[in-house]
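Enquirer: Last residue of the sequence shown: 886 (my numbering), numbering continuous. Just so you know, even glycine gets a beta-carbon here, dropped at the ideal spot from N, CA and C.
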Amino acid sequence: SANPNPNPKAKVIPLLSDVGRLQSATPTPTPNGNPSSNSKGKVLPLLSDVGSNPSAIDYYSRVASNLAGAGRLGDFLIAAEGLRAASGDAGFAARINWRLLSRGVVAALREHGLPHVLEFLRDADRIGVHATVMLDADASDAVAAACRQLLDERIMAEFVEAIEALANCGFFVKGIVDPMDVLKIFVRKRDPDMAIRYARIFPHSQLLLCNTMEAFGKRKELKHALKVFGALKDQLGGINMFACRSIIDICSHCGSSVQARIIFEGLLAEKITPNTHVFNSLMNANAHSMSYNFSVYKHMQKLGVRPDLASYNILLKTCCNAREFNTAQEIYEEMKKKEHDGILKLDVFTYSTMMKVFAEAKMWKMASNIKDDMRAVGARLNLVTWSSLINAYANSGLVDGAIEILEEMIRDGCQPTAPCFNIILTALVKSCQYDRAFRLFNSWIEFGIKVSLSLEQKGSLPDNFTFCEEHPGTNGGTILVVPFRPTVTTYNILMMACGTNDERAKSVMNEMKRNGLCPDRISWSILMDIYGTSKNRNGAIQALRRMQRVGIKLNVSAYTVAIKACVESKDLKLALHLFEEMKAHQLKPNMVTYRTLLTARSKYGSLKEIQKCLAIYQEMRQAGYQAYDYYLKELIVEWSEGVLSSDGGNRNFYHLDRKDERNESFNLFLEKVARFLQKDVDQNQTVDVRGLSKVEARIVVLSTLRKIKEKHLLGN
171 SANPNPNPKA KVIPLLSDVG RLQSATPTPT PNGNPSSNSK GKVLPLLSDV
221 GSNPSAIDYY SRVASNLAGA GRLGDFLIAA EGLRAASGDA GFAARINWRL
271 LSRGVVAALR EHGLPHVLEF LRDADRIGVH ATVMLDADAS DAVAAACRQL
321 LDERIMAEFV EAIEALANCG FFVKGIVDPM DVLKIFVRKR DPDMAIRYAR
371 IFPHSQLLLC NTMEAFGKRK ELKHALKVFG ALKDQLGGIN MFACRSIIDI
421 CSHCGSSVQA RIIFEGLLAE KITPNTHVFN SLMNANAHSM SYNFSVYKHM
471 QKLGVRPDLA SYNILLKTCC NAREFNTAQE IYEEMKKKEH DGILKLDVFT
521 YSTMMKVFAE AKMWKMASNI KDDMRAVGAR LNLVTWSSLI NAYANSGLVD
571 GAIEILEEMI RDGCQPTAPC FNIILTALVK SCQYDRAFRL FNSWIEFGIK
621 VSLSLEQKGS LPDNFTFCEE HPGTNGGTIL VVPFRPTVTT YNILMMACGT
671 NDERAKSVMN EMKRNGLCPD RISWSILMDI YGTSKNRNGA IQALRRMQRV
721 GIKLNVSAYT VAIKACVESK DLKLALHLFE EMKAHQLKPN MVTYRTLLTA
771 RSKYGSLKEI QKCLAIYQEM RQAGYQAYDY YLKELIVEWS EGVLSSDGGN
821 RNFYHLDRKD ERNESFNLFL EKVARFLQKD VDQNQTVDVR GLSKVEARIV
871 VLSTLRKIKE KHLLGN
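Following this line, the structure appears as structure tokens:
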């Protein structure tokens with residue numbers, strides 16, 4: 171039988187080397203690739219003449235261009251490769267018609283898709299035709315649009331492969347899309363590997379990797395940030411100080427001072443001397459550890475790295491956190507000496523930190539001296555500095571002095587914000603001056619704070635004073651009325667001033683709502699605590715459920731306050747129910763939660779309840795918290811003796827003062843009792859009292875007898 175007609179698409183294309191042999195048997199092609207109708211037939215140049223005949227290479231370049239323009243990119247590559255082999259001249263690519271090539275690429279992109287075009291560009295690059303640089307604007311835009319479509323559809327792996335292929339071919343990939351926009355997608359996807367791969371495509375990959383590392387850091391993805399840092403370090407062939415400083419700052423932001431130390435020690439192990447900025451970042455990450463930071467500071471001096479103003483400011487911050495006020499003052503005096511010698515120039519942060527130090531130490535006079543130091547060098551106090559000074563007076567119990575500083579602040583041209591007023595109200599609440607706190611609040615709300623200004627003071631006021639009123643004063647002066655705009659924090663302070671008056675606290679919360687403010691988690695916690703203190707258990711539970719209904723996510727603190735309210739109302743069952751509910755919501759109890767339950771020892775009495783107490787005790791120890799053994803031992807003693815009153819007479823017999831106890835024996839005793847009381851009673855009870863004192867052994871035996879007795883009374 172006859173063979174079927176071959177597939178036209180599978181038709182073998184004649185090689186360029188066959189042109190000379192076939193030219194006498196075929197019509198002459200025109201430049202557009204179609205046969206010529208000229209009957210005389212123009213003689214085609216031979217392929218062998220390409221190397222010596224310029225017209226021959228021009229002719230065959232036109233043939234290849236026409237193939238590309240028709241979208242026959244595969245045929246174009248065959249023709250171009252044959253032409254290059256015959257001519258031995260790489261310059262033939264310059265004779266390719268870039269308009270036809272661009273038109274063919276657009277057609278192929280439309281008909282076959284981006285992968286087909288990428289394969290063509292790679293093959294063209296291999297044979298010496300750099301097609302990517304020959305594309306016109308329309309073709310380049312079409313390729314870029316195809317890449318952006320992959321990005322829009324979040325086909326990220328194919329997108330990165332396409333960008334890599336285009337970059338290798340010399341395409342201007344930076345113009346396709348902002349690289350950081352793509353890297354942010356990988357950050358959101360938590361995919362550091364793909365982010366590293368994509369960033370390395372670009373010549374400014376170092377900057378992109380640093381930005382990516384910081385983006386992971388802002389999301390507190392320390393593990394991924396460290397991976398990007400490792401890639402950055404490998405790419406540079408060493409440690410870049412800017413990158414090192416950035417990753418240490420990220421460790422600080424993520425709360426991992428240990429990792430910051432590891433990175434620093436890695437620098438020292440490689441015999442690399444960190445610069446001042448790296449030292450500063452390390453000390454800032456460890457501002458909670460005074461001993462470590464001062465050892466770093468000494469090492470800094472040993473290496474000959476000169477500390478700057480930020481170094482000293484961080485040391486001051488460290489002293490403030492450690493409440494080492496004398497050391498802070500010594501550093502401050504050293505800084506002033508260096509300023510006098512022209513080595514340093516103190517800034518507002520320095521003065522503000524020192525004011526904070528003295529405020530926490532209740533040294534209002536020293537804080538006031540800092541203000542004088544600032545004015546002596548021409549430094550202007552800002553909002554933070556004034557707030558610290560107000561706090562210094564308020565913490566020292568000098569509320570009237572704090573109000574005077576507030577007025578002086580206004581005269582100096584700095585408008586106070588709500589936190590400045592809140593500092594004064596907080597001081598009144600801490601000193602139990604609840605009524606005065608309410609009177610001052612109501613006065614500020616109704617009248618604002620009035621300050622007398624001279625003509626000179628009025629003229630120096632900045633334009634940023636807002637919502638203030640001016641009234642004529644005496645001697646041509648002005649009375650400036652600065653309004654008070656309370657915040658949620660302000661109302662929270664007032665709620666704390668309600669003491670045990672839950673109705674008044676609820677009224678304050680309602681006033682907050684009327685003024686357009688939404689109570690936060692702290693507001694509800696304060697209300698629940700007040701309900702608990704007034705032994706209004708139902709009110710506390712209603713407040714807890716109300717929090718949930720208004721969309722506030724309950725945390726450990728909220729549950730702990732509610733549990734405390736139940737304990738104070740002697741409702742142990744409900745307290746334990748809330749405890750289990752909290753754990754069911756994947757919330758881990760904290761030390762306060764455990765202690766709130768364990769200190770409710772006088773509310774226990776039955777075997778079932780003490781078993782629950784012991785379970786909480788064991789869970790607390792397994793969670794890594796220091797066991798609150800004192801109250802637990804009291805509980806077991808009272809239960810085993812049958813003395814349920816917290817002021818039983820046998821307490822002195824058992825020497826319950828923790829400072830006289832042998833810690834190991836004490837823990838062993840509690841563990842034995844805890845393990846035993848969790849078991850069921852059977853006919854053969856064996857109690858191991860080895861390693862216990864006589865008193866502790868007696869408690870274990872009494873616990874056994876008490877347990878058997880309760881089981882017997884229940885009919886078991």
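Can you confirm whether the region 448-466 touches the region 426-436 when touching is taken to mean that 3 or more C-beta pairs between the two stretches lie within less than 8 Å?
Expert: Verdict: yes, contact present.
Enquirer: Between N410, Q405, S459, D404, which has its C-alpha nearest R431's C-alpha?
Expert: If we check each option's Cα against that of R431, S459 comes out closest.
Enquirer: Assuming I722 contacts R691 under a Cβ cut-off of 8 Å, what Cβ separation, rounded to an integer in Å, is found between them?
Expert: The Cβ separation is near 5 Å, so the contact holds.
Enquirer: Considering T648, what are the terminal residues of the beta strand (DSSP E) in which it resides?
Expert: Per DSSP, T648 belongs to the beta strand (DSSP E) from 648-652.
Enquirer: Work out the CA separation of F519 and K532 for me, nearest whole Å.
Expert: Distance between the alpha carbons of K532 and F519 is about 20 Å.
Enquirer: Report buried or exposed for S206, applying the criterion of at least 16 other Cβ atoms within 10 angstroms of its Cβ.
Expert: Per-residue confidence for S206 stands at a pLDDT of 46, beneath the threshold of 50, marking its modelled position as unreliable; the derived number appears in the next sentence. With fewer than 16 other Cβ atoms within 10 Å, it is exposed.
Enquirer: Evaluate V391 with the Cβ neighbour count: other Cβ atoms within 10 Å of its Cβ, from every protein chain shown; 16 or more gives buried, anything less gives exposed.
Expert: Reading off the sequence shown, one finds Glu at residue 391, where the question assumed Val. Looking at its Cβ environment, which holds 16 or more other Cβ atoms inside 10 Å, E391 is buried.
Enquirer: Can you give, in chain order, each stretch of the beta strand (DSSP E) that sits fully within the region 588-646 and has at least 3 residues?
Expert: Listed in chain order, the complete beta strand (DSSP E) runs (minimum 3 residues) inside the region 588-646 are 619-623, 639-642.
Enquirer: Contact check, A564 vs I594 under 8 Å by CB: the rounded distance?
Expert: Right, the Cβ-Cβ distance comes to about 6 Å (below 8 Å), so this counts as a contact.
Enquirer: Would DSSP call C490 helix, strand or coil?
Expert: Helix.
Enquirer: Do the CB positions of L284 and A332 come within less than 9 Å of each other?
Expert: Yes.
Enquirer: Using only the alpha-carbon positions, how far apart do P349 and H510 sit?
Expert: Whole-angstrom Cα-Cα distance: 49 Å.
Enquirer: Expressed to the nearest angstrom, what Euclidean distance is found between the alpha-carbon atoms of I619 and V651?
Expert: Rounded to whole angstroms, I619 to V651 spans 6 Å at the Cα level.
Enquirer: Tell me whether C918 sits in a helix, a strand or coil according to DSSP, three-state version.
Expert: The displayed coordinates of the chain run from 171 to 886. Any statement about residue 918 would go beyond what the structure contains.
Enquirer: Return the Cβ separation of I366 and G387 in integer angstroms, given the expectation that the two are a contact with Cβ distance under 8 Å.
Expert: Between G387 and I366 the Cβ distance is about 15 Å, and since that is not below 8 Å, they are no contact.
Enquirer: Please tell me whether V139 and L336 are closer than 9 Å, where the distance is taken between their beta carbons.
Expert: Outside the modelled stretch of the chain, which goes from 171 to 886, sits residue 139, for which no answer is possible.
Enquirer: How is the alpha helix (DSSP H) around V731 delimited, first residue to last?
Expert: Its alpha helix (DSSP H) spans residues 726-738.
Enquirer: Under a Cβ-count criterion, where at least 16 other Cβ atoms within 10 Å of its own Cβ denotes burial, should D741 be classed as buried or exposed?
Expert: When all chains shown are included, D741 counts as buried.
Enquirer: Of all the options E639, I560, E789, C590, which has the alpha carbon lying nearest to the alpha carbon of T660?
Expert: Nearest of E639, I560, E789, C590 to T660, Cα basis: C590.
Enquirer: If we count the other Cβ atoms within 10 Å of its Cβ and call it buried at 16 or more, is D672 buried or exposed?
Expert: Buried.
Enquirer: Secondary structure at K506, three-state DSSP: helix, strand or coil?
Expert: K506 falls in the helix class under three-state DSSP.
Enquirer: Below 6 Å CB to CB, which residues in the same chain sit around F911 once its five sequence neighbours on both sides are set aside?
Expert: In this structure the chain extends from 171 to 886, so residue 911 is not present and cannot be described.
Enquirer: When you compare only the Cα positions, how much space is there between A234 and R242?
Expert: Going from the Cα of A234 to the Cα of R242 covers about 9 Å.
Enquirer: With DSSP collapsed to three states, give me the class of C380.
Expert: The answer is helix: DSSP assigns C380 an H, G or I state.
Enquirer: Relative to the C-alpha of Q712, which residue among C736, V726, N725, I513 is closest?
Expert: If we check each option's Cα against that of Q712, C736 comes out closest.
Enquirer: Measure the Cβ-Cβ separation of F434 and V466 and say whether it is below 9 Å.
Expert: Yes, Cβ-Cβ distance for F434 and V466 is below 9 Å.
Enquirer: Taking DSSP as the reference, what is the three-state secondary structure of N454?
Expert: Here N454 sits in helix by DSSP.
Enquirer: Whose C-beta lies closer than 6 Å to the C-beta of T763 among residues of the same chain, with five residues either side of it excluded?
Expert: Excluding residues within five positions, the ones whose Cβ falls inside 6 Å are T730.
Enquirer: Compare the Cα-Cα distances from W556 to each of L568, G548, E334, C584 and report the closest residue.
Expert: With distances taken between Cα atoms, W556 lies closest to C584.
Enquirer: Can you find at least 3 beta carbon pairs, one from the region 605-618 and one from the region 629-636, that sit closer than 8 Å?
Expert: Not touching, per the Cβ criterion.
Enquirer: Quick one: does N539 have its CB under 9 Å from some CB of chain B?
Expert: Note that chain B does not occur in the displayed structure, where there is just one protein chain.
Enquirer: Rounding to the nearest angstrom, what Cα-Cα distance links T196 and A309 in this structure?
Expert: Residue placement at T196 is poorly supported in this model, since its pLDDT is 40, which falls under 50; the coordinates still yield a value, given next. Answer to the nearest angstrom: the Cα atoms are 34 Å apart.
Enquirer: Using DSSP with H/G/I as helix, E/B as strand and the rest coil, what is M679?
Expert: Three-state result, M679: helix.
Enquirer: What is the rounded straight-line gap between the Cα of S815 and the Cα of L768?
Expert: Low per-residue confidence applies at S815: pLDDT is 42, beneath 50, and the placement is therefore not dependable, though the value from the model is reported in the following sentence. So the alpha carbons of these two residues sit roughly 16 Å apart.
Enquirer: Out of curiosity, what's the CA-to-CA distance linking N491 and E530?
Expert: Their backbone Cα atoms lie some 10 Å apart in a straight line.
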